[in-house]
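S.K.: Top line first, the protein sequences correspond to chains R and Z. The first sequence begins at 1 in the numbering used here and counts up one residue at a time. The second sequence begins at 1 in the numbering used here and counts up one residue at a time. The beta-carbon is built from N, C-alpha and C at its ideal position, and this holds for glycine as well. On a predicted model such as this, the values are computed, not experimentally measured, just so you know.
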Amino acid sequence: MTEKRIIDVDYGKVETERMRINMGPQHPSTHGVLRLEVELDGEIVTEVVPHIGYLHRCFEKSCEKMSYPQVIPYIDRMDYISSMNNELPFVMGMEKLLGINIPERIDMIRVALCELNRIANHQIAVATFGLDCGAFTPFLYLFRDREMILNLFEAVSGGRLLYNYFWIGGLMNDVPPSFKENCLDIIKTVRVTNEEVMRLLIGNKIFEERTANVGILPADVAVNFGVSGPVLRGSGVDYDIRRSEPYSMYDKLDFDVIIGKGEIGTLGDCFDRNIVRMREMEESCKIIEQIISVFPDESSDVRALVPRRVKPPKGEIYSKAENPKGELGFYIVSDGSVNPYRMRSRATSFVNLSVLPEISKGYMIADLIMILGSLDIVLGEIDR
Amino acid sequence: MEQNFVYKLFGDGIIMYSLFVIIPLTFLLIYALIAILGELKIASWVQDRLGPMRTGWKGVLQPLAEVLKLMQKEDIVPDAANKPLFNLAPYVMFTGAFAAFAAIPFTMNFVPAHLNIGLFYIFAVGAFAVIGIVMGGWASNNKYSLLGAMRGVSQMVSYEIPIALAILSIAALAGSLDLQEIINQQSGGFWNWNILGGNGSLWKVLVIPFTLALFIIHFVGGLAETNRIPFDIPEGESEIVAGYHTEYSGMKFAMFFFAEYANMFTVSALITICFLGGWQSPFGDFLNQPLMQAVWFIGKSCFLVFVQIWLRWTLPRLRVDQLMYVSWKVMTPIAFFCFIAISVWSMLR
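1) Hey, is R:G32's beta-carbon within less than 8 Å of any beta-carbon in chain Z?
2) Which same chain residues, not among the five before or five after Z:I42, have their C-beta less than 6 Å away from its C-beta?
3) With 9 Å as the C-beta to C-beta threshold (strictly closer), list the residues of the stretch 107-135 of chain R near chain Z in chain order.
4) CA-CA distance, R:R191 and R:S157?
5) Here's a check: name, in chain order, each residue in its chain whose Cβ is nearer than 7 Å to the Cβ of Z:L40, leaving out the five neighbours to either side.
6) What residues in its chain sit with their C-beta under 6 Å from that of R:E115, if we drop five residues either side in the sequence?
7) Answer yes or no: the CB of Z:P84 versus the heavy atoms of the ligand PLP, is any distance below 7 Å?
8) The alpha helix (DSSP H) that contains R:D301, what's its start and end?
9) DSSP has R:E115 in a bridge; who is on the other side?
10) Specify the secondary structure class of R:T2 as computed by DSSP and reduced to three states.
11) Let me know the secondary structure DSSP gives Z:A242 once reduced to three states.
12) Look at the alpha carbon of Z:L64 and the alpha carbon of Z:L33, and state the distance between them as a whole number of angstroms.
13) Between which two residues does the alpha helix (DSSP H) harbouring Z:Y121 extend?
14) Where does the unbroken beta strand (DSSP E) through R:I317 begin, and where does it stop?
15) Quick check: is the beta carbon of R:I264 nearer than 8 Å to any beta carbon in chain Z?
16) For Z:F110 and Z:A102, what's the separation of their Cα atoms in angstroms?
17) Quick one: using the 10 Å Cβ neighbour count with 16 as the cut-off for buried, is R:S300 buried or exposed?
18) In terms of residues, what are the limits of the beta strand (DSSP E) holding R:H51?
19) What is the DSSP secondary structure of Z:A65, counted as helix, strand or coil?
20) With a cut-off of 8 Å on the beta carbons, I'd call Z:A293 and Z:W279 a contact; round off their distance for me.
21) Cβ of R:R210 less than 8 Å from any chain A Cβ?
22) Quick check on the burial criterion: 16 or more other C-beta atoms within 10 angstroms. Buried or exposed for Z:L68?
23) For a cutoff of 8 Å on Cβ pairs, would you count Z:E39 as touching chain R?
24) With a threshold of 8 Å on Cβ separation, who are the neighbours of R:T2 within its own chain once the five nearest residues in sequence on each side are excluded?
25) Strictly by DSSP, which residues pair up with Z:T107?
26) So for R:V351, helix, strand or coil by DSSP?
27) When the Cα atoms are used, what is the spatial distance from Z:K73 to Z:S249?
28) By the criterion of Cβ-Cβ separation under 9 Å, what are the contact partners of R:D367 in chain Z?
29) Taking Z:F120 as the reference, give the member of Z:L206, Z:E160, Z:R319 and Z:L276 with the closest Cα.
30) Is R:I382 near R:I52, with beta carbons less than 8 Å apart?
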């Protein structure tokens, strides 16, 4: 359990006893069933070993026994707080394999819902990040607003968390007639609450002290580890798949890619990763506004192009999209039958978590929790 | 002693001493129930939700329900725990919180023990909580508890120094450690309270900045003493699960909980006595009868408890090193400076 070692510290050679503690899988702030094996020297973290697999559901292997449309509900269960975004890369990849061109209206609905889900995801990320440092109230404010988004999703798809809404070649249903007003209502509320959270939490001196200069992830390390999403952009790397390799209708939309600037502390610290998420919500609002302004009122048959039997030709495809947490990709190998020959997913959280042992050494145990919170992982996606 | 209404009614005897224990204890039990309800309701008010609504009218019976729930729970003692210490710790903690009530003057006519070193006594027994925390944390034989206990000890010992300096300044200002004497000197309206420089000529405006600073220092230090956010580092539920009381359940956990609320009141009462005129009415002799004095005293203390709850639901938590920084590099030097300034003032006036 414990071992005695001579370690070098600032005040000369002191013999200290290090302590190994298990954080999780049942710990209040490991964001799920993650187990961190932490070695502590007093309060200071000397080693972190993440252990994963407590939520393993054999997603990739199970897919080989399912038909393509049956895969979509399982994809929902990967990153269960941004399910709409999860479905998009798979559906797009399948459409490419099958050679289906999606009408613009369906693309609009897809992108609008993805951006709403991005807001919902970032709300949870910021809320739980605040919770990690002891601020309970912003958590409830953000969850209150997330309810509106979930209500819209429920009206659209029937599910509040797992939607199965994007189908290969179309959508499950058309959006309800009040879709535009609902979206605008949500944007309005999100902006008001974000303003409030900026003042209550992000602008708080204690919060700044807790997050600035903590868990610094330099840009080169970030790129070497292959992290993506707000974690990468927080380190100042201007990379967003929506911008660099536009898919769906993102090339027609005007939005900024938010990168961290190291305002309070060093570039790539917890504060930057968090503020990128806060600002991305505003960008998502802008995207939704643009879509709503050109969204056609008359409804169309959203299932017109949905194939009766999904049987793609022999071939393989890697399809990726910008998930709220980063790059989510699916590598689909088809052998010409109704089941995928092989499914492989590049899970964002899995890659992002890999950087944790690298950036959390030498910080305090309270900082470790903050760093973990700033990476915004979901264990459903890591373990699949 | 002669002033005490209990003494006047019953004389010197076993009844008097029993009442001296029973009255504060009853008060504390009722206060704790109200404070728990207040915590729940203030939290829900801050957070834009309803809070408990189903137990009784608007959920007023929720604290009773919680006490009943905690009583029914199984009292788990870990196998590897140091059982005597483990069982004793919650009671040590509560004793520290309750012992302070022996010297707290609720009105002109009621103080269980009229000590001439009351200020020192309350401060000294307030430090008892540290022993409870380290006993509980160590005896649990849990790494999270151990971390919590270590944090708790370092935090409370550090924050006692600025508080001690604040109290020392009050002692210098009043020229006494007797709580009734300190309160008596603050008579005649809120402009004579120690937070506004105490009783004196117009020249006292010179010391108002120092007394105000000391009031804030004492209050912030009090937050740290009671382990409330932003200083709830020994419990820090997102880092070390529940800190020193991770392994406690049932009534022993309830005792820790009770002690925390009792401590909140003790700290608030001490600040009220030192800075806010104790049981003095804010309007001079207006409404300054003995019964109203109790109302003023409890009202002022409960307002400070309310501020503690309010802060808890607003602020994030500090880190251990930042906590130490605030204590040793910010509060202690300022408190020391204020102490010197007030000492000079009380020497010259």
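M.R.: By the coordinates alone:
1) no
2) Here the set comprises I309.
3) If you check each beta-carbon in the stretch 107-135 of chain R against every beta-carbon of chain Z, the ones closer than 9 Å belong to G130, L131, D132, C133, G134 and A135.
4) 25 Å
5) Counting only Cβ-Cβ distances below 7 Å, and skipping sequence neighbours, we find G51, P52 and Q62.
6) Once the five neighbours on either side are set aside, the close Cβ partners of R:E115 are S284, I287 and I288.
7) With respect to small molecules bound, the structure shown includes none, and the ligand PLP cannot be examined in it.
8) Premise fails: R:D301 is in no alpha helix (DSSP H) and is neither H nor E.
9) In the DSSP output, where bridge partners are listed per residue, R:E115 has none listed.
10) Note that R:T2 scores a pLDDT of 47, beneath 50, so its modelled location is shaky; the value from the coordinates is reported in the next line. In this structure, R:T2 counts as coil in the three-state DSSP scheme.
11) coil
12) 7 Å
13) G118 to G126
14) That run of the beta strand (DSSP E) goes G315 to N323.
15) no
16) 10 Å
17) Exposed, by the Cβ-count rule.
18) I44 to H51
19) helix
20) Reading off the sequence, residue 293 of chain Z comes out as Gln, not Ala. With a Cβ gap of about 4 Å, Z:Q293 and Z:W279 count as contacting.
21) No chain A appears in the structure shown, which is made up of the protein chains R and Z.
22) exposed
23) Cβ-Cβ to chain R under 8 Å: no for Z:E39.
24) Because the pLDDT at R:T2 is just 47, under 50, the model does not fix this residue reliably, and the point stays unresolved.
25) Z:F110
26) helix
27) 7 Å
28) R319
29) Z:E160
30) yes
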